[in-house]
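These notes are about the structure you will find just below.
Residue numbers (full-length UniProt numbering): 1 to 228.
Listed below in structure tokens is the structure:
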């Protein structure tokens with residue numbers, strides 16, 4: 001047991017979901033004035049129910065990549081991946097909280113057409129059209145693909161990197177073709193990703209942590225010295 005905790009102790013970051021889920025569910029149920037997100041480009045994007053496939057694959061892709069990095073990657077890999085995911089998702093939640101937003105892009109669904117339209121109709125019922133900008137769906141997909149690119153094992157496996165790239169792009173596009181998000185949401189997610197990437201993978205996060213740690217240590221030492 002101790003060996004497992006020592007080897008996979010970094011998994012404690014997954015406890016974040018006990019913060020994320022209640023917060024997000026509260027936002028989904030909240031009734032307040034919202035800013036409608038839209039762009040002229042949205043009108044040129046047709047609805048296509050077949051994009052339900054990559055859209056729902058997101059619910060496998062994100063946890064699968066996260067577990068892969070946990071068990072196969074280094075501790076540093078996992079902490080960076082966790083920082084990218086969870087800090088970015090928190091930024092999204094803060095934005096939704098302080099700047100409630102929504103979209104009015106959804107179309108009427110013919111549930112008798114096929115299994116995909118039935119799945120999308122169910123999605124529309126369970127997932128409100130609020131809290132859309134930035135898109136967590138898009139942001140997490142970018143983060144997970146990046147985590148695979150950074151992994152030493154996957155780095156040499158071109159076929160896996162290619163498949164991940166295709167899936168990541170398909171997931172991002174699916175949010176548009178299912179009328180779940182505006183192009184504005186996608187661009188905002190990309191901007192957030194680029195900011196977080198610079199913050200995490202340029203070692204700014206590590207340097208900040210070490211600076212704060214050293215500052216606390218120096219303060220503790222000076223306090224104990226003065227008390228003597």
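Backbone N, C-alpha and C fix where the C-beta goes; we use that ideal spot for every residue, glycine too.
Original post:
Quick one: Cα of residue 24 to Cα of residue 152, how far?
Top reply: 34 Å
Subject >> Which of helix, strand or coil DSSP assigns to residue 119 >> reply: helix
Original post:
So, helix, strand or coil for residue 43, using DSSP?
Top reply: helix
Subject >> Pick from 136, 215, 48 that is closest to residue 187, judged by C-alpha positions >> reply: 136
**OP:** Measure the C-alpha to C-alpha separation of residue 7 and residue 86 and round it to an integer number of angstroms.
**Re:** About 21 Å.
Original post:
Are there three or more Cβ pairs, one per stretch, closer than 8 Å when the segment 127-135 is compared with the segment 175-190?
Top reply: Output reads yes: the segment 175-190 touches the segment 127-135.
Original post:
For residue 109, which of helix, strand or coil comes out of DSSP?
Top reply: coil
Original post:
DSSP three-state call for residue 179: helix, strand or coil?
Top reply: coil
Original post:
Between the C-alpha atoms of residue 104 and residue 12, what's the straight-line distance to the nearest angstrom?
Top reply: 38 Å
**OP:** Express the C-alpha separation of residue 174 and residue 51 in angstroms, rounding to a whole number.
**Re:** 5 Å
Original post:
How about residue 61 and residue 167: are their beta carbons less than 8 Å apart?
Top reply: Result yes, Cβ atoms of residue 61 and residue 167 sit closer than 8 Å.
Original post:
What is the rounded straight-line gap between the Cα of residue 88 and the Cα of residue 193?
Top reply: Approximately 8 Å between the Cα atoms of the pair.
**OP:** Could you please give the first and the last residue of the uninterrupted alpha helix (DSSP H) stretch that includes residue 85?
**Re:** Per DSSP, residue 85 belongs to no alpha helix (DSSP H) and is neither H nor E.
**OP:** Look up residue 101 in the DSSP assignment and say whether it is helix, strand or coil.
**Re:** strand
Original post:
Any idea what DSSP makes of residue 208, helix, strand or coil?
Top reply: Helix at residue 208.
Original post:
Just to confirm, are residue 45 and residue 185 a CB contact at a threshold of 8 Å?
Top reply: no
Subject >> Residue of 114, 67, 26, 14 minimising C-alpha distance to residue 53 >> reply: 114
Original post:
Hey, quick one: how far does the alpha helix (DSSP H) through residue 25 stretch, first residue to last?
Top reply: 17-29
**OP:** Look up residue 36 in the DSSP assignment and say whether it is helix, strand or coil.
**Re:** strand
Original post:
Looking at residue 116 and residue 28, is the spacing between their C-beta atoms short of 8 Å?
Top reply: No, these two residues do not count as a Cβ contact at 8 Å.
**OP:** Would you list, in sequence order, the uninterrupted alpha helix (DSSP H) runs of no fewer than 4 residues that lie entirely inside the segment 131-175?
**Re:** 136-150
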